[in-house]
């Protein structure tokens, strides 16, 4: 967090999420796990919270007035690749 953790009285500049997803959980619905080079999965990442300052954000935002977490038409595309990304 670039700001203060769990303090709604100020404004944070940014935050980062890192997650590990167990690909075996998708074995029944994906063509193959782990994904192959070029495979595309549709998903969304959502954030909802804030005790005193309610907030909502989506990685791939929907065009709705109220949050729709389970609307596949608004999901983003994740393209899997075997190529390394260098920073």
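In our numbering, the protein residues as written are 935 to 1021.
All C-beta atoms, glycine included, are put in the ideal place defined by N, C-alpha and C.
Alpha-carbon spacing of residue i relative to residue j, whole angstroms
i, j, result
"residue 942", "residue 988", "9 angstroms"
"residue 1016", "residue 974", "13 angstroms"
"residue 995", "residue 968", "27 angstroms"
"residue 1018", "residue 1012", "15 angstroms"
"residue 938", "residue 964", "39 angstroms"
"residue 999", "residue 992", "13 angstroms"
"residue 953", "residue 997", "26 angstroms"
"residue 966", "residue 940", "39 angstroms"
"residue 972", "residue 961", "17 angstroms"
Residue i - partner residues in DSSP beta bridges
i, result
"residue 1012", "975"
"residue 943", "Paired residue(s): none; residue 943 is not in a bridge."
- Counting only runs that start and end within the segment 951-1000, where is the beta strand (DSSP E) found for 3 or more residues in a row? 974-977, 980-983, 989-992
- Query: Does the segment 976-984 come close enough to the segment 994-1013 to have 3 or more Cβ pairs within less than 8 angstroms?
  - Reply: yes
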